[in-house]
Amino acid sequence: PNEKHEPLKIYADDKESFFQAVYVPIKLTETETEGEKQVGNVILLKNITEFKELDSAKTTFISTISHELKTPISAIMMSLKLLEDQRIGSLNDEQQSLASSIKENSDRLLNITGELLKLTQVETGKLILSPKITKPIELINYAVSATRVLAERFGCNIEVEYPEKIHKLFVDSEKIAWVITNLLSNAIHYSKENSRIIVGAKEVDQTIQIFVQDFGKGIDPRYHQSIFDRYFRVPGTKVQGSGLGLAISKDFMEAHDGKIWVESEIGKGSKFTIAFPVR
Ligand code: ADP
Numbered sequence: 004p005n006e007k008h009e010p011l012k013i014y015a016d017d018k019e020s021f022f023q024a025v026y027v028p029i030k031l032t033e034t035e036t037e038g039e040k041q042v043g044n045v046i047l048l049k050n051i052t053e054f055k056e057l058d059s060a061k062t063t064f065i066s067t068i069s070h071e072l073k074t075p076i077s078a079i080m081m082s083l084k085l086l087e088d089q090r091i092g093s094l095n096d097e098q099q100s101l102a103s104s105i106k107e108n109s110d111r112l113l114n115i116t117g118e119l120l121k122l123t124q125v126e127t128g129k130l131i132l133s134p135k136i137t138k139p140i141e142l143i144n145y146a147v148s149a150t151r152v153l154a155e156r157f158g159c160n161i162e163v164e165y166p167e168k169i170h171k172l173f174v175d176s177e178k179i180a181w182v183i184t185n186l187l188s189n190a191i192h193y194s195k196e197n198s199r200i201i202v203g204a205k206e207v208d209q210t211i212q213i214f215v216q217d218f219g220k221g222i223d224p225r226y227h228q229s230i231f232d233r234y235f236r237v238p239g240t241k242v243q244g245s246g247l248g249l250a251i252s253k254d255f256m257e258a259h260d261g262k263i264w265v266e267s268e269i270g271k272g273s274k275f276t277i278a279f280p281v282r
């Protein structure tokens with residue numbers, strides 16, 4: 004039995020079909036003293052080809068839509084840039100504030116379409132890694148500078164904890180920097196204003212770990228697994244979002260043979276860790 008419960012692909016009659024396997028152990032009690040003995044399995048195969056086809060149609064649909072949306076959003080942002088240019092004429096305070104609201108929302112739209120595109124890459128198996136040797140601090144520095152404006156806006160103070168000696172990583176730095184940026188952006192969004200956030204790296208038991216710790220609202224233990232599922236958001240979450248960031252982060256980490264997890268307590272804050280095996 005495969006642990007991940009991935010469907011079985013069977014090629015027959017010139018057609019690919021997908022089956023979900025369920026293993027039912029057959030147990031026999033031969034003598035009173037010996038106890039139960041497993042003598043085999045009954046394997047039930049459920050044909051899920053139709054669902055698979057629908058799922059792939061959905062992925063293609065999302066991919067096309069998000070791709071198509073990117074161009075008009077970029078055009079909106081370009082026009083906004085021009086609008087803010089003094090040479091075209093200056094905006095009064097109210098117009099300025101409307102323009103910055105348009106910018107904020109276009110940024111969000113662009114972010115969401117980017118996340119949807121990343122998701123479809125994972126789902127269609129088109130996730131290609133280009134790994135290279137990278138120091139963990141380079142990835143951390145990238146993420147800290149990518150979230151600087153956001154951190155300033157919320158008055159968050161980001162501290163970096165970095166050991167003197169740590170192995171280098173062999174990873175797709177663009178994807179892992181994206182994961183850390185996403186964790187930092189969550190830490191800022193789900194903390195109170197003017198909070199502390201710690202981002203750092205350490206080596207533990209043959210793994211290189213990078214963590215992002217906040218002292219914000221924390222996450223109920225009931226949701227520590229589900230927050231890594233697609234589109235899942237903790238019930239009652241008011242901050243706007245898509246529920247995709249952590250799911251994509253998990254996919255990116257698994258593609259690197261790595262792991263991602265959270266330790267968190269309501270009211271005390273959360274610590275997200277990503278870990279890579281030392282090679
Ligand atoms: P999004 O933030 O877009 O909703 P994510 O996949 O990044 O999507 O996060 C899923 C959910 O996990 C969030 O909606 C939020 O409820 C919860 N969450 C993530 N990070 C934190 C954090 N640092 N503190 C508290 N809750 C968090």
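Per the working numbering, residue 4 is the first one in the sequence shown, and the count goes up by one each step.
From the three backbone atoms N, C-alpha and C, an ideal C-beta is built for every residue, glycine too.
Rounded to whole angstroms, how far is the Cβ of residue i from the Cβ of residue j, which I believe are closer than 8 angstroms?
{"i": "I222", "j": "V265", "result": "7 angstroms"}
{"i": "I161", "j": "I200", "result": "5 angstroms"}
{"i": "T137", "j": "V163", "result": "Contact doesn't hold; Cβ gap of about 16 angstroms is too wide."}
{"i": "Y193", "j": "K220", "result": "6 angstroms"}
{"i": "A146", "j": "A180", "result": "6 angstroms"}
{"i": "T127", "j": "I65", "result": "About 10 angstroms separates the two Cβ atoms, so there is no contact after all."}
Taking the alpha-carbon positions, what's the residue i to residue j distance?
{"i": "I169", "j": "L86", "result": "48 angstroms"}
{"i": "L142", "j": "V27", "result": "46 angstroms"}
{"i": "E53", "j": "K129", "result": "22 angstroms"}
{"i": "D58", "j": "I68", "result": "15 angstroms"}
{"i": "V202", "j": "Q216", "result": "6 angstroms"}
{"i": "L132", "j": "L101", "result": "40 angstroms"}
{"i": "E35", "j": "I29", "result": "17 angstroms"}
{"i": "Q253", "j": "K178", "result": "In the sequence as displayed, the identity of residue 253 is Lys instead of Gln. Cα to Cα, K253 sits roughly 11 angstroms from K178."}
{"i": "F22", "j": "A15", "result": "12 angstroms"}
{"i": "E268", "j": "Y226", "result": "11 angstroms"}
{"i": "L218", "j": "E206", "result": "The question names Leu, yet the displayed sequence has Phe at residue 218. The straight-line gap from Cα to Cα measures roughly 23 angstroms."}
Can you list, in chain order, the residues of its chain with a C-beta nearer than 6 angstroms to that of residue i? Leave out the 5 residues immediately preceding and following it.
{"i": "I140", "result": "Y165"}
When DSSP builds the beta bridges, which residues end up paired with residue i?
{"i": "V163", "result": "V202"}
{"i": "E268", "result": "G272"}
Return the chain-ordered list of same chain residues with a C-beta closer than 8 angstroms to the C-beta of residue i, the five sequence neighbours on each side being excluded.
{"i": "T150", "result": "I161, T184, L187, S188 and I191"}
{"i": "S229", "result": "F235"}
Leaving out the 5 sequence neighbours to the left and right, which residues in its chain are closer than 7 angstroms to residue i when beta-carbon positions are compared?
{"i": "Q209", "result": "P280 and V281"}
{"i": "P134", "result": "F173, V174 and D175"}
Taking 8 angstroms as the cut-off, does the segment 241-253 touch the segment 181-191 (at least 3 CB pairs, one atom from each stretch)?
yes
For the pair the segment 93-100 and the segment 34-50, tell me if three or more CB-CB distances fall below 8 angstroms.
no
Touching by the beta-carbon criterion (3+ pairs, under 8 angstroms), the segment 112-124 and the segment 70-80:
yes
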